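Participant: Got a structure for you, written out below as structure tokens; questions coming shortly.
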Amino acid sequence: MYDCTVSSDRSSIQRPKLLPNTMLENTMLKLYGGKFSRASIVQWYLEELALPYEFVRLDMASKEHLQADYTAINPFGKVPAIVDGEFILWESGAILLYLA
């Protein structure tokens, strides 16, 4: 059986730890994506935030996203992905939450 009581004491709430944000360390964020991929959503958001970034366009037709250089960033070979210093993240929704 579960205890469903609600406490008004918020001091015991576990807060998630923030991800390391190296964007503050003068490193250039890299966004990897294809010509017609969801990387355009992330690119649009980066422009809205006025954050400096480098867009690395992968040639999806020649399967550049499945080469060892890129699968070291995303083992599934999917785009978009970002590299922010030593921090790597993929999936457009997760990237947008990270940037927010």
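Residues are numbered in the numbering used here as their position in the sequence shown, beginning at 1, plus a constant of 10.
Built from N, CA and C at the ideal position, the CB exists for glycine as well.
It should be emphasised that the depicted structure is a prediction, and the values quoted were computed from it without experimental measurement.
(1) Can you give me the start and stop residues for the alpha helix (DSSP H) that residue 57 sits inside?
(2) Since residue 94 is in the beta strand (DSSP E), which residue starts that stretch and which ends it?
(3) Which residue wins for smallest C-alpha separation from residue 94, given the options 103, 63, 58, 50?
(4) By how many angstroms is the C-alpha of residue 78 removed from the C-alpha of residue 49?
(5) If you draw a straight line from the alpha carbon of residue 101 to that of residue 90, how long is it in whole angstroms?
(6) Under the rule that 16 or more other beta-carbon atoms within 10 Å means buried, what is residue 43, buried or exposed?
(7) Exposed or buried, which one is residue 47 when buried takes at least 16 other CB atoms within 10 Å?
(8) Can you have a look at residue 68 and say buried or exposed, based on whether 16 or more other CB atoms are within 10 angstroms of its CB?
Facilitator: This is what the structure gives:
(1) Position 47 of the sequence shown, counting from 1, holds the residue named residue 57. For residue 57, the enclosing alpha helix (DSSP H) stretches over residues 49-59.
(2) Taking the first residue of the sequence shown as position 1, residue 94 is located at position 84. Residues 91-94.
(3) Within the sequence shown, numbered from 1, the residue matching residue 94 stands at position 84. Comparing Cα-Cα distances from residue 94 to each of 103, 63, 58, 50, the minimum goes to 63.
(4) Position 39 of the sequence shown, counted from the first residue, corresponds to residue 49. Position 68 of the sequence shown, counted from the first residue, corresponds to residue 78. As the crow flies, the alpha-carbon of residue 49 is around 20 Å from that of residue 78.
(5) As a first step, residue 101 is located in the sequence shown; it is residue number 91 there, counting from the start. As a first step, residue 90 is located in the sequence shown; it is residue number 80 there, counting from the start. Distance from the CA atom of residue 101 to the CA atom of residue 90, rounded to whole angstroms, is 6 Å.
(6) The residue given as residue 43 occupies position 33 in the sequence shown. Using a 10 angstroms sphere on the CB of residue 43, the tally of other CB atoms reaches 16 or more, which defines it as buried.
(7) Position 37 of the sequence shown, counted from the first residue, corresponds to residue 47. With 16 or more other Cβ atoms inside 10 Å of its own Cβ, residue 47 counts as buried.
(8) Numbered from 1 along the sequence shown, position 58 holds the residue referred to as residue 68. By the 10 Å Cβ count, residue 68 comes out buried.
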